[in-house]
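Enquirer: Reminder that position 4 of the sequence shown reads as 7 in the working numbering, one-by-one numbering, no gaps.
Positions of the beta carbon are idealized from the N, C-alpha and C atoms, including for glycine.
These numbers were taken from a predicted model, which means no experiment stands behind them.
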Amino acid sequence: MDKAIHHRENRSRGLFYIAGNGEKISEITYNIKNDNLIVIDHTETKMGYEHQGYASELLDYVINWAREKNIKIEPLCPFAEVKFEENPEYADVRA
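1. Nearest CA to the CA of S29: which residue from A7, L18, H10 and Y57?
2. What residue range does the beta strand (DSSP E) around N3 cover?
3. What distance in whole Å lies between the Cβ atoms of I43 and A94, which are believed to be in contact at a cut-off of 8 Å?
4. By the DSSP assignment, the beta strand (DSSP E) with K6 in it spans what residues?
5. Go through its chain and collect everything with a Cβ distance to E47's Cβ below 6 Å, but skip five positions before and after it.
6. Using only CA atoms, which one of E77, K27, S59 and I35 lies nearest to M50?
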């Protein structure tokens, strides 16, 4: 399957998502608190694609994006919160 990670953002919200086979497979949404802080508020993977690592891959991408942009992340959604706890290497971007 060909898949790509996409990013959309407006003044107050943003979305990262993996698309493949003409559909959205997994997504992470966030609120923009200021120029240096976002709050991940939702992570979802489409039924039939769960437990295949898509959300984790997407979160890794978001972490690297935040590092490049010098942005801190507050992991509000349960998935992101658990992944931040499981991965101490994310500590540098945690708000």
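Expert: On the basis of the coordinates in this document:
1. Residue 29 sits at position 26 when you count from the first residue of the sequence shown. Nearest C-alpha to S29: Y57.
2. Since the first residue of the chain shown is 4 and the last is 98, residue 3 is not available in this structure.
3. Looking up residue 94 in the sequence shown gives position 91. Looking up residue 43 in the sequence shown gives position 40. The pair is not a contact, with the Cβ atoms about 15 Å apart (cut-off 8 Å).
4. The count along the sequence shown starts at 1 and reaches residue 6 at position 3. In this chain, the beta strand (DSSP E) harbouring K6 covers K6 to E12.
5. By 1-based counting over the sequence shown, the position of residue 47 is 44. Cβ neighbours of E47 within its own chain (closer than 6 Å, five residues either side excluded): E30.
6. Taking the sequence shown and counting its residues from 1, the one referred to as residue 50 is at position 47. Nearest option by C-alpha distance: K27.
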